[in-house]
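Numbering (the numbering used here), first residue to last: 142 to 364.
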């Protein structure tokens, strides 16, 4: 296993806790990456376990909102994120919630954009500023945010994963990880692909054009 100096020392950040501040910021930033081309109008945070208990004491609330606004963990404006969101007319709300058998530092983020679309993301802060995304728009997921990623919903068809990965290969996008899951019916599936370089809008559209694909969400590396 490769361990970097930053895994030991932790991230460069504003705030008292790598788990409750830097990790929270990165979870918020994951949502920002999902909707960054749209105008955010409201965001609701459902906080599980210690995330709820330490919400204001460790600045978890400001870190989450700062991330959703696109701020990095070392941004000095992170501490003003609640005020900045209010100035932008964004409705921000928090509630404690039991999200099930998940890590104690877990949040479900529900965002509404000006086009009326509602997006959701569930993720955990697992220590040292590291995160794990475990759900996207109600679909189970598993990725770290250390790489750009595509979350592809599709019908379960023979050869579909080969087709999707070949599109990335043709566009010279190297794959870091691939994870596929199917629902209980065996008819619908989700393939999550982490890549070593960002997936452009043109490549995203190419993936969306595959007949069996129903939706594609792309996310950049989460800083």
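Note that beta-carbon positions come from the ideal geometry of N, C-alpha and C, so glycine has one too.
Values in this document were obtained by computation on a predicted structure and should not be read as measured data.
Burial state of residue i (16 or more Cβ within 10 Å)
i: residue 157; result: Legend: pLDDT at residue 157 = 44, less than 50; position of this residue unreliable, value from coordinates given subsequently. Counting Cβ neighbours within 10 Å, residue 157 comes out exposed, since fewer than 16 surround it.
i: residue 228; result: exposed
i: residue 224; result: exposed
i: residue 355; result: exposed
i: residue 202; result: buried
i: residue 259; result: exposed
i: residue 299; result: exposed
i: residue 169; result: buried
i: residue 200; result: buried
i: residue 270; result: buried
i: residue 282; result: buried
i: residue 326; result: exposed
i: residue 222; result: buried
i: residue 149; result: Model confidence at residue 149 stands at a pLDDT of 38, short of 50, so the residue's coordinates are unreliable and nothing is read from them.
Residue of the options minimising C-alpha distance to residue i
i: residue 288; options: 193, 318 and 331; result: 318
i: residue 333; options: 343, 326 and 348; result: 348
i: residue 340; options: 240, 361, 257 and 238; result: 361
i: residue 173; options: 242, 206 and 196; result: 206
i: residue 187; options: 220, 265, 281 and 291; result: 265
i: residue 286; options: 268, 171 and 300; result: 171
i: residue 357; options: 351, 301, 294 and 307; result: 294
i: residue 219; options: 255, 163 and 256; result: 163
i: residue 246; options: 217, 191 and 271; result: 191
i: residue 277; options: 267, 255 and 248; result: 248
i: residue 244; options: 257, 350, 189 and 302; result: 189
i: residue 263; options: 255, 242, 256 and 257; result: 242
Alpha carbon of residue i to alpha carbon of residue j, nearest angstrom
i: residue 316; j: residue 209; result: 27 angstroms
i: residue 261; j: residue 252; result: 6 angstroms
i: residue 214; j: residue 331; result: 30 angstroms
i: residue 353; j: residue 239; result: 35 angstroms
i: residue 329; j: residue 364; result: 31 angstroms
i: residue 311; j: residue 235; result: 44 angstroms
i: residue 322; j: residue 297; result: 10 angstroms
i: residue 350; j: residue 320; result: 21 angstroms
i: residue 178; j: residue 250; result: 17 angstroms
Residues of its chain near residue i, where Cβ-Cβ distance is below 7 angstroms and the 5 sequence neighbours each way are ignored
i: residue 284; result: 274, 290, 333 and 335
i: residue 226; result: 206, 210 and 233
i: residue 231; result: 181, 182, 183 and 184
Cut-off 6 angstroms between Cβ atoms - residues of its own chain near residue i, not counting five sequence neighbours on either side
i: residue 193; result: 237
i: residue 166; result: 204, 207, 208 and 214
Own chain partners of residue i with C-beta closer than 8 angstroms, once the 5 adjacent residues on each side are dropped
i: residue 314; result: 336, 337, 338, 340 and 344
Whole runs of the beta strand (DSSP E) within the segment 246 to 305, excluding any shorter than 3 residues: Listed in chain order, the beta strand (DSSP E) runs fully inside the segment 246 to 305 are 247 to 254, 259 to 268, 271 to 277, 280 to 284 and 290 to 296, counting runs of at least 3 residues.
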